[in-house]
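Numbering (my numbering), first residue to last: 2 to 196.
Built from N, CA and C at the ideal position, the CB exists for glycine as well.
Every value quoted in this text rests on a predicted model; they were computed, and no experiment measured them.
Working notes for the structure below.
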């Protein structure tokens with residue numbers, strides 16, 4: 002059970018209600034019905050829940066998320082590999098749950114490939130960009146210190162400089178999100194599981 006209970010809309014103050022509406026609109030548009038992000042009572046689940054407790058942080062968070070989504074050069078399948086590998090390294094249940102569904106429903110990745118990423122093993126059948134996203138994520142998640150020059154150059158070749166930077170932004174951003182979820186013990190929605 003999450004350390005911070007989901008907040009019913011009727012219990013929110015004015016700023017929280019405005020934020021709730023923004024987050025709900027974003028989630029509805031971005032995720033549609035790929036995974037459960039609302040409780041039966043309409044409360045927001047997953048990382049949305051702790052973010053509602055800190056309105057100013059949540060606003061900055063969503064501003065960054067929207068800006069990162071506009072960066073060119075990082076295809077959805079590569080992005081989802083990076084997010085899944087990051088979430089799995091942090092053992093962040095909601096991130097793994099939600100992004101395995103985004104990956105299976107929104108990319109050409111197979112369940113077997115997704116399962117391999119979740120175990121930290123490079124799947125067969127990835128293209129060069131997907132392999133690079135996995136390799137960069139694994140290096141950043143498993144080694145302290147700077148990303149190696151060879152891996153940075155590989156990333157630039159695969160995605161271009163802005164795409165490589167977008168990859169690093171996504172790994173860092175979703176590391177933060179995983180820490181938030183783990184610190185708040187964000188659980189899976191009732192009746193849901195990781196595949």
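What residue does the alpha helix (DSSP H) around residue i start on, and which one ends it?
i	result
residue 54	49 to 54
residue 75	Where residue 75 is concerned, there is no enclosing alpha helix (DSSP H), given that its DSSP letter is neither H nor E.
residue 1	Outside the modelled stretch of the chain, which goes from 2 to 196, sits residue 1, for which no answer is possible.
So what's residue i in DSSP terms, helix, strand or just coil?
i	result
residue 45	strand
residue 90	helix
residue 67	helix
Once the 5 residues before and after residue i are set aside, which same chain residues still bring their CB inside 7 Å of it?
i	result
residue 16	56
Identify, in the order they occur along the chain, each residue of the same chain with its Cβ nearer than 6 Å to the Cβ of residue i, setting aside the five sequence neighbours on each side.
i	result
residue 157	165
residue 102	35, 36
Which residues in the same chain have their Cβ closer than 8 Å to the Cβ of residue i, if we skip the five residues on either side of it in sequence?
i	result
residue 24	45, 49, 52, 53, 59, 63
Could you check whether the Cβ of residue i sits closer than 8 Å to any Cβ belonging to chain C?
i	result
residue 70	The structure shown contains no chain C; it is built from a single protein chain.
Item to check | Inter-stretch contact (C-beta, 8 Å, three-pair minimum) for the segment 78 to 92 and the segment 121 to 137 | outcome: With three or more CB-CB distances shorter than 8 Å, the segment 78 to 92 counts as touching the segment 121 to 137.
Checklist entry - How about the segment 88 to 108 and the segment 177 to 194: do they share at least three Cβ pairs that are nearer than 8 Å? => result Yes, the segment 88 to 108 touches the segment 177 to 194.
Item to check | Ordered list of alpha helix (DSSP H) runs contained in the segment 120 to 176, each at least 4 residues | outcome: DSSP runs (the alpha helix (DSSP H)) wholly in the segment 120 to 176: 129 to 143.
Item to check | the segment 142 to 152 in contact with the segment 107 to 116 per 3-pair CB rule at 8 Å | outcome: Short answer: they don't touch.
Checklist entry - Counting Cβ pairs closer than 8 Å, one from the segment 145 to 156 and one from the segment 30 to 43, do we hit at least three? => result The segment 30 to 43 and the segment 145 to 156 do not touch, with fewer than three beta-carbon pairs separated by less than 8 Å.
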